[in-house]
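Start counting the sequence shown at 236; every next residue gets the next number (the numbering used here).
We put the CB at the ideal spot given by N, CA and C, even for glycine.
The structure under discussion appears below in the form of structure tokens.
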Amino acid sequence: MATAIVLLETLEDLGDRELKNFKWYLQQAEFLKDLPSIPKSQLEKADRPDTVDLMVQTYRHQCVEVAKRILKRIRRNDLVESLSNTGSGPEGQSQ
């Protein structure tokens with residue numbers, strides 16, 4: 236659950252255009268390589284919490300790594316750094 240909260244907080248830091256690009260990368264099998272893509276039909280009307288739910292369902296314990304890969308691609312290294320500090324374990328980071 237802590238991972239989902241951290242992901243949601245991260246997506247809340249994205250502007251609308253950045254979120255659109257983030258969701259686009261979740262649909263790209265070529266970009267995700269060894270991981271499944273999320274169908275466009277599921278992401279099209281997904282808000283930030285829905286997007287997090289889809290990521291957790293699809294990628295389980297790898298969802299933070301997927302997010303970091305996409306954030307690097309859309310040049311939000313500040314958010315990659317934040318996620319790197321939290322880890323992807325079930326407990327997350329306490330503040």
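8 Å Cβ cutoff, residue i in contact with chain D
| i | result |
| --- | --- |
| residue 321 | Protein chain content of the structure displayed is limited to a single chain, and chain D is not contained in it. |
Closest Cα partner of residue i within the set the options
| i | options | result |
| --- | --- | --- |
| residue 253 | 286, 321, 309 | 309 |
| residue 277 | 271, 286, 244 | 286 |
| residue 283 | 258, 316, 313 | 258 |
| residue 269 | 297, 313, 314, 311 | 297 |
Extent of the continuous alpha helix (DSSP H) to which residue i belongs
| i | result |
| --- | --- |
| residue 264 | 264-267 |
Coil, strand or helix - residue i by DSSP
| i | result |
| --- | --- |
| residue 288 | helix |
| residue 272 | coil |
| residue 242 | helix |
CA-to-CA distance, residue j to residue i, given in whole angstroms
| i | j | result |
| --- | --- | --- |
| residue 279 | residue 245 | 19 Å |
| residue 293 | residue 249 | 21 Å |
| residue 299 | residue 318 | 7 Å |
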